[in-house]
Amino acid sequence: MEVRPMTMQMALVLLVTAIIFFGFVRERQPPDVTALLGVSLLLIFGALEAGQFLSVFANGAPITIGAMFVLSKALENTGVIAELGRVAKRVAGASWLRAMLLLLLPVTFLSAFVNNTPVVVVLTPVVITLAHQQGHASSRYLIPLSFASILGGTCTLVGTSTNLLVDSIAQREGMAAFGIFEITGVGIILAIAGLLYVLLFGWWLLPDRPERSLNLPAGERRFLTEAIVPPGSPLVGKRVSDGSLSRHRVLQIHRGEHVIKRNTMAAVLRAGDRLVIESARDEVANLRGGRIVQMSEPGKQELEKGDLQTLAQRQTQLAEAIVGPEARILGMTVTELNLERRFGVFVLGVHRHKKRLKRGFDQLRLKVGDILLLEGRPRDLSQLYNNRSFVNVAVPEIRALQREKAPLAILAIVLVVILAALKVMPIVVLAVIGATFVVLVGCLSADEAYEAVQWPILMLIFAMLAVGLALEQTGAMNLLVTALTQSTATLGPIGMLITLYIVTSLATEVMSNNAAAILLTPIAIGVAANAGLDPRPFIVAVMLAGSASFATPIGYQTNTFVYQAGGYRFTDFIRIGLPMNVLALLVSVLVIPWFWPLDSGTD
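The numbering of the sequence shown is full-length UniProt numbering, which starts it at 1 and goes up by one.
What follows is the structure, given as structure tokens:
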């Protein structure tokens, strides 16, 4: 591989790539926005031409991924996924081990063919109910649920978006396309090893503590909320520490254009002051509708008296909702949700697991696992829970399902998989046809199909494909390949495979798994080619390492979701997940050469 001298264009692309990586770690903006910002910089400075940028939209992998989102939603809408949980509840009895077998085996199988995120989201309320039925904390159940879904995704080409992306990039680099079941052998062995580890050691490694989620005793969670001091309030003219607010933590006082952030407890309150408060759920409930303070509707500096009267006259109740991993509201502020107009529901507070929030509703951007404290009528809350952005993990899903359409949804998935395996048509064509079919037969509506597609993920993929193309076109990718080849030259083929797996795994833990796969697949191919080895086993290593993220709650979105729902600590994932990562590494580097000899030459 010819290596060009470092040029300004190479340096620019490497700098932008570093900025994107830094943005992923800082999480100031959603990953798709961060990646698109990087692409914009490349276009502005000429490191990426417009034609090159547009060419990434011809990549079939994101289209396939979008279609698979729709097929997964069809299974969710028709009750196929929820039925798995109900069967487990009926048969499990009081045995944790039996419950794990009844849950993990079907979840692993199902996740091999559909997007694993809805599988975990739909089953989480069922699993929590099952845990209570058996007299255990749900923290003994939810990490295994997420891990099983991740392991299932490694078993087929369509199991995860990472696999599809890696395959598409490999084809772009001149490699033969992967068959839909080509990685099934190594995936099944990895899944068996992982499930055995969970079943044998999970009971001792998983915590047994009360959930810190939607079913946690109300007084143990702290919510961020806002309130306004109305004219005539007894608090006017008093210090915060002298009045009824002394039992709350007042973080900020907004007074016109001025914001008081320090010594807030000593501040003398005035009419119209907007307070940013941290308090327990019950205390937030006591604040609302009172004469002392008035709850602040997000996005408004004042709340009209008529609005307060309307709210007070309605038969409302408090409820909580967790922000799901597929939520379209990720990255939005509470103000931008506009739930009052959309659903007739008010946001009273926000709780973020293990984090102390200090910003107001107009600045706080929502993340996976955030809990919203809501007030609304039962029917309005029910309508809100039907939106895929909000999950009520305390109660299993009760919305109407198209159960009579379940055979058609299953048929669509089965035909896509079988015909793709027989290579009747490209998988992108089959997936689009399957997605169209489930809409036409009524498994879901056209609007639900569009909502099922996780557009931020697709935009992230397109953006990172453009970044990867810029790295290749400028020669910067060659520099990275040469550096990694030289640093691993003395390690031998197995050492190179281990190094690549570890690099991919670490990158996945701190950035999007799709972004990591897009950047590292060309490097894997280049390193193998430079060393005279077959690139295929190295490509498979990227596939597996890009999905097998167990050691942290941030490496994979299902981990992030159960992190909140199960009330886990970061160290809980390290305790059970780090050995799982090591196990996945050992199994992968031992088994991959069985199926793809390292020294068999290039395709």
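Beta carbons are placed, not taken as given, at the ideal position from N, Cα and C, and that holds for glycine. Computed from a predicted model, the values in this text were never measured in an experiment.
Measure the alpha-carbon distance for residue i versus residue j and round it to whole angstroms.
i, j, result
"alanine 50", "alanine 515", "21 Å"
"alanine 61", "proline 106", "26 Å"
"leucine 330", "glutamate 340", "18 Å"
"proline 298", "threonine 508", "Note on proline 298: pLDDT 49, under 50, position unreliable in the model; no value is reported."
"alanine 321", "alanine 551", "26 Å"
"glutamine 133", "phenylalanine 561", "22 Å"
"glycine 492", "threonine 485", "11 Å"
"arginine 270", "glycine 577", "51 Å"
"glutamate 448", "tyrosine 385", "14 Å"
"proline 456", "arginine 328", "8 Å"
"valine 429", "isoleucine 461", "19 Å"
"leucine 164", "valine 416", "14 Å"
"phenylalanine 178", "valine 158", "11 Å"
"alanine 191", "cysteine 155", "8 Å"
"glycine 567", "alanine 88", "22 Å"
"leucine 145", "leucine 585", "20 Å"
"valine 334", "threonine 488", "48 Å"
"glutamine 557", "valine 347", "24 Å"
"isoleucine 19", "isoleucine 44", "15 Å"
"isoleucine 553", "lysine 238", "Reading the sequence as shown, one finds proline at residue 553 and not isoleucine. Straight-line Cα distance between these residues: approximately 44 Å."
Tell me the DSSP secondary structure of residue i in three-state form.
i, result
"serine 279", "strand"
"threonine 508", "helix"
"alanine 227", "strand"
"isoleucine 65", "helix"
"glutamine 252", "strand"
"phenylalanine 390", "strand"
"valine 186", "helix"
"arginine 328", "coil"
"arginine 239", "strand"
"leucine 132", "Position check: residue 132 holds histidine in this sequence, whereas leucine was assumed. Helix, per DSSP."
"valine 323", "strand"
"arginine 274", "strand"
Using 8 Å for Cβ pairs, my map puts residue i next to residue j. What's the rounded Cβ distance?
i, j, result
"arginine 274", "glutamate 336", "Going by Cβ atoms, the distance from arginine 274 to glutamate 336 rounds to 18 Å, so no, they are not a contact pair."
"methionine 543", "isoleucine 183", "6 Å"
"glycine 324", "phenylalanine 390", "7 Å"
"phenylalanine 69", "asparagine 115", "6 Å"
"threonine 17", "leucine 471", "7 Å"
"leucine 373", "leucine 318", "7 Å"
"alanine 409", "leucine 110", "Actually they do not touch by this definition, with Cβ atoms about 12 Å apart."
"glycine 152", "alanine 92", "20 Å between Cβ atoms; not a contact."
Which partner residues does residue i have in the DSSP bridge list?
i, result
"leucine 318", "Glu375"
"phenylalanine 346", "Glu375"
"threonine 333", "Arg365"
"valine 122", "Answer by DSSP bridge pairing: none, since valine 122 is not bridged."
"arginine 262", "Its beta-bridge partners do not exist; DSSP assigns none."
"valine 268", "Arg239"
Report the residue from the options whose alpha carbon sits nearest the alpha carbon of residue i.
i, options, result
"tryptophan 596", "Gly577, Gly567, Leu497, Val323", "Leu497"
"threonine 64", "Gly468, Ala435, Leu195", "Ala435"
"valine 527", "Thr482, Thr560, Leu519, Met464", "Thr482"
"leucine 368", "Ile19, Pro30, Leu142, Ile253", "In the sequence as displayed, the identity of residue 368 is valine instead of leucine. Nearest of Ile19, Pro30, Leu142, Ile253 to valine 368, Cα basis: Pro30."
"glycine 442", "Leu71, Ile19, Val166", "Leu71"
"alanine 529", "Thr34, Leu130, Gly174", "Gly174"
"asparagine 513", "Lys89, Leu42, Ala131, Leu458", "Leu458"
"glycine 468", "Ala35, Phe24, Ala541", "Ala35"
"leucine 583", "Ala193, Ser505, Val417", "Ala193"
"threonine 124", "Glu283, Leu14, Arg140, Arg379", "Arg140"
"arginine 403", "Gly237, Ile81, Leu12, Pro593", "Ile81"
"valine 591", "Glu76, Gly79, Phe538, Ile143", "Phe538"
"valine 120", "Gly85, Val39, Leu101", "Gly85"
"leucine 97", "Met477, Ala531, Gln52, Trp204", "Trp204"
"isoleucine 518", "Met477, Leu465, Gly237, Gly475", "Leu465"
"phenylalanine 22", "Gln9, Met10, Leu37", "Leu37"
"lysine 423", "Leu12, Ser40, Phe181", "Phe181"
Under 7 Å, Cβ to Cβ, is there at least one residue of chain C near residue i?
i, result
"glycine 93", "In summary, chain C is missing from the structure at hand, where a single protein chain is found."
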